[in-house]
Structures are given as C-alpha cells and as structure tokens.
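As structure tokens, the structure follows; a few thoughts come after it.
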Amino acid sequence: MREVHAIVEDLSLKLGTSGEKWLQSATKKPKYFEFTPVELYAITERMKLAEPTTNGTFPIHDVLCSDGKTDVANYVEFLHNVRNLKVRGARGYVGTSNIIWNSLPFGLNLCKNITALWISDFDVRMIHDLYSVRNTCKRVVIHYSMKKLSVKPNEMLPFENQEKWSSLEEVDFSFNELEEIDESISLLSLVRKMNLSHNLLRGIGDHLQHLTMLTELNVSHNAIEDLDLWYMKLGNVKRLYLVGNKISALNGLHKLYSLEFLDLTDNVIASPDDIRAAGILPCLDHLILRGNPIRQVIEYRIKVLEHFGERAIEVKLDSRKPDQREVDTVAVRLALRKAREEKEEQTRKKALGIDERTKLNLKFFLLLGKFF
Numbered sequence: 216m217r218e219v220h221a222i223v224e225d226l227s228l229k230l231g232t233s234g235e236k237w238l239q240s241a242t243k244k245p246k247y248f249e250f251t252p253v254e255l256y257a258i259t260e261r262m263k264l265a266e267p268t269t270n271g272t273f274p275i276h277d278v279l280c281s282d283g284k285t286d287v288a289n290y291v292e293f294l295h296n297v298r299n300l301k302v303r304g305a306r307g308y309v310g311t312s313n314i315i316w317n318s319l320p321f322g323l324n325l326c327k328n329i330t331a332l333w334i335s336d337f338d339v340r341m342i343h344d345l346y347s348v349r350n351t352c353k354r355v356v357i358h359y360s361m362k363k364l365s366v367k368p369n370e371m372l373p374f375e376n377q378e379k380w381s382s383l384e385e386v387d388f389s390f391n392e393l394e395e396i397d398e399s400i401s402l403l404s405l406v407r408k409m410n411l412s413h414n415l416l417r418g419i420g421d422h423l424q425h426l427t428m429l430t431e432l433n434v435s436h437n438a439i440e441d442l443d444l445w446y447m448k449l450g451n452v453k454r455l456y457l458v459g460n461k462i463s464a465l466n467g468l469h470k471l472y473s474l475e476f477l478d479l480t481d482n483v484i485a486s487p488d489d490i491r492a493a494g495i496l497p498c499l500d501h502l503i504l505r506g507n508p509i510r511q512v513i514e515y516r517i518k519v520l521e522h523f524g525e526r527a528i529e530v531k532l533d534s535r536k537p538d539q540r541e542v543d544t545v546a547v548r549l550a551l552r553k554a555r556e557e558k559e560e561q562t563r564k565k566a567l568g569i570d571e572r573t574k575l576n577l578k579f580f581l582l583l584g585k586f587f
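Now the structure itself:
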C-alpha cells in the first residue's frame, strides 16, 4: 500500500503543478495525456481508501509536501477534465518487480469528459467502470491489446441489455489478434469509421449490418480470400480498404451500391473479368489494383475500364483518370461490343422465329392428319 500512496502522491504533485496548464494547451491543440497501467491502478486503489485527501507524511523525491499539491483532488479534477487519454502498457514485468503489466486492473469512472481513448500494449479486459466514457467518447484506438472484441459469453449480459457507446464515431482496432467480428460490435451502432487492419480475420461475419452509420471500413492485411455476400453485410459503406489480403474476385460486392472507393492493393486479382462486379456499381469512382497480377495483362487499364461502360471517363483507376486515348479506345470497344450483342440478339430472335414457324407448321399437319 505504501507503493500506491507514493505513486498517487507523485501524480498529484505533477498534476497539481502543471495539470491545468496542460489542459489549457490541449484545448488549443488537441493531444493525448499518457498514463501507465500502474498509475491508473494506484489511483483506483487509492480511491477505495477511507483516508484524508492529502497526507504530507510521504516523501516525494525526498521532499515532504504538505501544501496541498499532493491532494488527490489534483488528479481527480484532472481526470474529470481531460479529453484525450492514452494508456500505454508494456510486455513482461514492471521494472524489477514480480508484477506483470497486464495483471493490474483499473477503472476509468473518474473520466467524465473523455472524447478520445487510446490503449496500447495492455489487456483491455482489465479495464472497468467505463460508464461515463461510453457516453462521451467519440474515438477509440486499441493496439496490441486484444484477441476478442468481447469477453466470454457466460461472463456477460445479453447484448440487448448492455450499454451501448452512445457517442462513438470512430474506432481503430488495428494491430491486434482478432479472428472474428462477434456480436458485441453491435454495441458500436453509431460508428462511422472502423479500422480492423493487421488482424487475423478471414471474413467480416454477419454483425456489421447492424452498424447502419458505418461508411468507411478498413480490413487490410488480414487473411480474407473471398467476399461472398458482403453486399448484404456492409449496408451503407462508401470506402472499403482490402489491401494485402488474398482476394481473387469481387463477386460479393456486385450490389454494394453505396461504394465509392475500393482499394485492392496487393491481392491476387489476375483477370479483368475478376473485377466485373465493380463495373456495375453506380457510385464507384476510384478503384486501386496496384500489386495485383492483373497489372501484367496487356492493356489492363482499358479492359478494366470497359466494365464501367459509359462511366469509364469518371473512374480513377490506380488514382489516375483515363487519358484521351484510353477514353477513345474504351468507346470503340463498347461500340463493337454493342454491335456484336445486337447481332447476336437478332440471330437469336431469327432462330426463335424459325422455331415458332416450325411449331405452327407441325400443328397444321397434325390437324390435317385428323381429316385424312
């Protein structure tokens, strides 16, 4: 307990001296204030103690402080007012002690006005009392800190009975070890931007459809191979990042009509026909195919742009709109294709007409057979 007092009083002195100045500067230019899990654990434990808010009997850097600068009110007030909070843990043990960084639970109930929360290198399951944070936080970043989005089902209430994040607009869960997007994602119903890159995902599951406000999704650098029925799972997504996966075709996107931007850099798309589904999306105007085998196909740009029909002139392919030669070539190819399709249709109708006449003649002869 002496260590808890020492850490807390050190923090109180620090925040009592410069906390207000830091908050004022953060108002002018937003920045994160960084705590360690040890500090937040010490604060949590200190708040449980029935003791005076200040105690001058503990030396801080060999100086006895009794002028109020070590009052716990200093960090309580600071946590009440800080808007951008970062918690940075570490691997292994705390210093030379036998305490493991990720074994120290703490609460954030003192944080009443948090708008951005950043967790790095710390097990998020050890964080509790997020009631106020859920109501005020607009952005959450979590790196190197989780393997699942939720805790085990038998340790939680039904999702419909859990409190949602009522202000959250952006989440960054990149650089973790997530293997699936489970039902708990529905608690983030107002999120507009979501970054799940650099995880272990093979798909996106069936729960993102509940995020009706989601317009930007990044699932780059995962283990995704196919996009089956993604148009049913993504709703209103406008920007989709799929960089560095193992995708070979876009069939599951053919009805994702809201899509405007699609980045497929470093996948395994080999043929212009593999991106045919993208050509029928009415709002798609930026398609990136860098690092795919398709770029080795002769005139690949023209063959890809042809799938967009008359909209080809509006589309940026690999961040570049078609030049005049490409526009003219696509127009000629479209005209030739239209002529070919019309000829095939005429041939089909002609064959159908002959077939109908044959049927009529057969009926006529059958009727004649009844009289002779």
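The opening position of the sequence shown corresponds to residue 216 in our numbering, with each subsequent residue numbered one higher.
Ideal Cβ placement from N, Cα and C applies to all residues, glycine included.
Check                                                                                                          : Outcome
Cβ-Cβ distance between LYS461 and ALA485 below 8 Å                                                             : no
According to DSSP, residues forming a beta bridge with ASN410                                                  : ASP387 and ASN433
Unbroken stretches of the alpha helix (DSSP H), 4 residues or longer, contained in the segment 451-527         : 491-494 and 515-520
Same chain, Cβ closer than 6 Å to MET361, neighbours up to 5 away in sequence not counted                      : VAL339 and ASN391
C-beta atoms of LYS448 and GLU475 nearer than 8 Å                                                              : no
Nearest-angstrom Cα separation, counted from ILE503 out to LEU455                                              : 11 Å
Contact with chain B by ALA438, beta-carbon distance below 8 Å                                                 : Of the protein chains in the structure, only one exists, and it is not chain B.
Delimiting residues of the beta strand (DSSP E) encompassing ASN299                                            : 299-303
C-alpha distance - LYS363 paired with LEU393, whole-angstrom precision                                         : 6 Å
Contact between the segment 299-306 and the segment 327-334 (3+ Cβ pairs under 8 Å)                            : yes
Three-state secondary structure (DSSP) of SER335                                                               : strand
Terminal residues of the beta strand (DSSP E) in which VAL355 lies                                             : 354-358
C-beta contact flag for GLY322 and ASP344 at 8 Å                                                               : yes
HIS436 and HIS413 closer than 8 Å at C-beta                                                                    : yes
Residue of ILE513, TYR290, SER312 and GLY524 minimising C-alpha distance to ASP543                             : GLY524
Own chain residues within Cβ distance below 7 Å of ILE314, not counting five before or after                   : TYR308
Rounded separation between GLU378 and GLU266 - CA only                                                         : 33 Å
Rounded straight-line distance, which links the Cα of LEU403 to that of MET371                                 : At MET371, the pLDDT of 44 sits below 50, so the modelled position is not reliable; the number obtained from the coordinates is stated separately. Cα-Cα distance, rounded: 16 Å.
Endpoints, alpha helix (DSSP H) assigned at GLU292                                                             : 288-296
Distance CB(ALA527)-CB(ASP489) smaller than 8 Å                                                                : no
Continuous beta strand (DSSP E) stretch holding GLU266: start and end                                          : Neither: GLU266 is in no beta strand (DSSP E) and is coded neither H nor E.
Residue environment, TYR290, which counts as buried when at least 16 other CB atoms sit within 10 Å            : buried
Pick from ARG491, ALA554, LEU325 and LEU416 that is closest to MET262, judged by C-alpha positions             : LEU325
CB contact flag (VAL519, PRO487, <8 Å)                                                                         : yes
Same chain, Cβ closer than 6 Å to PRO320, five either side skipped, listed in chain order                      : MET341
Inter-residue CB distance, LEU471 and LEU496 (contact presumed, cutoff 8 Å)                                    : 6 Å
Per-residue DSSP class, three states only, for LYS362                                                          : coil
Best match in ILE396, GLY310, GLU541 and VAL219 for proximity to TYR515 [C-alpha to C-alpha]                   : GLU541
ILE513 classed as buried or exposed, judged by whether at least 16 other C-beta atoms fall within 10 angstroms : exposed
Nearest residue (CA-CA) to ARG548, options GLY420, ASP478 and ILE517                                           : ILE517
For LEU499 and LYS536, the rounded distance between their alpha carbons                                        : 13 Å
Rounded C-alpha distance that separates GLY494 from GLU440                                                     : 20 Å
Strand pairing of ARG535, partner residues [DSSP]                                                              : LEU532
Buried or exposed (CB count within 10 angstroms, at least 16 for buried), LEU479                               : buried
Three-state class that DSSP yields for GLY234 in the structure shown                                           : helix
Outcome for PRO368 when other beta-carbon atoms lying within 10 angstroms are tallied against a minimum of 16  : In this prediction, PRO368 scores a pLDDT of 42, lower than 50, which makes its location untrustworthy; the coordinate-derived value is nonetheless stated afterwards. Its Cβ having fewer than 16 others within 10 Å, PRO368 is exposed.
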